Amino acid sequence: MAESLMDISKARYLPSDIIAAILGLLGCENFTGKTEKIQTTIATLRKHHPILQEFAFSTNGVYPFSRELENSLSVLQCSRLLRMENPDFNVYVVKHTAKEYIRSNVLPRFKPDELLELHEIARKFEEVCGL
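Just so it is clear: in the sequence shown, position 103 is 103 by the numbering used here, and no numbers are missing.
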């Protein structure tokens, strides 16, 4: 029993690790800071990508909302991997140095098939939310 629990815990990632990985794979440096657009995009992608199942979405409001996604963005801001450097707080910025850190320290934790999935998610996220 203990071995199976250990295997389960090794296979799971923190939601902030998943979001960091996606941001580290973006081709753009800036993406929208509009909560509705980010939440809706990840909710849509979740339907097709198992790695996003860590994010539970409530559909009771005007748009799908995930507390885990919101918390992940906050964690990444606190760790300075993600910033809002504009006066209106409507654009997120992922600097090159943050992407380098993510590529060196976060992405190696994922399996090759998960990395392929994360690349696809990043590409689709950038199409909708990238600036």
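Ideal Cβ placement from N, Cα and C applies to all residues, glycine included.
The model shown is predicted, which means the values in this text are computed figures rather than measured ones.
Asked: Cβ neighbour criterion (16 or more within 10 Å) applied to Ser-16; Found: buried
Asked: Per-residue DSSP class, three states only, for Tyr-101; Found: helix
Asked: Exposure label - Glu-54; buried when at least 16 CB within 10 Å; Found: buried
Asked: Any 3 or more C-beta pairs closer than 8 Å across the segment 110-128 and the segment 56-69; Found: no
Asked: Asp-7 in three-state terms, based on DSSP; Found: Low confidence applies to Asp-7: its pLDDT is 45, below 50, so where it sits in the model is not reliable, and the reading given next is rough at best. Residue state, collapsed to three classes: helix.
Asked: Whether Asn-30 touches Tyr-101 by CB criterion (8 Å); Found: no
Asked: Per-residue DSSP class, three states only, for Phe-65; Found: strand
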